[in-house]
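S.K.:
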Amino acid sequence: MGIALFMLTDTIKDAARKLTGNSKRDLMAKVTEDCFKSSTRKAETVLGWNSHSVELGLHERRTGVVCVVAN
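Counting the sequence shown from 1 gives a position; the working numbering is that position plus 10.
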């Protein structure tokens with residue numbers, strides 16, 4: 011992990027906490043693509059994100075199909 015990412019980790023985590031649903035997964039997927047070469051496990055280890063949520067976000071970005079989660 012580069013020094014710039016280390017310094018931004020708290021900022022990225024804070025932004026993700028303020029989002030929900032597809033917006034949150036999209037942010038998580040974009041950060042994972044840009045910073046971790048699309049490795050969901052690295053995102054989970056470094057940022058504490060659920061790798062399944064990141065994987066879903068990556069899939070949504072690839073396909074353009076947004077999953078709706080019922081509560």
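Just so it is clear, CB atoms sit at the ideal spot from N, CA and C, and this is done for glycine as well.
1) Can you tell me where the alpha helix (DSSP H) holding G67 begins and where it ends?
2) In angstroms, rounded to a whole number, what distance separates the CA positions of R71 and D36?
3) Have a look at V76, W59 and D20 and flag the residue whose alpha-carbon is nearest the alpha-carbon of M38.
4) Here's a check: name, in chain order, each residue in its chain whose Cβ is nearer than 8 Å to the Cβ of A25, leaving out the five neighbours to either side.
5) Check this for me: beta carbons of T73 and S61, under 7 Å apart or not?
M.R.: Well, looking at it:
1) S61 to T73
2) 7 Å
3) W59
4) L37
5) no
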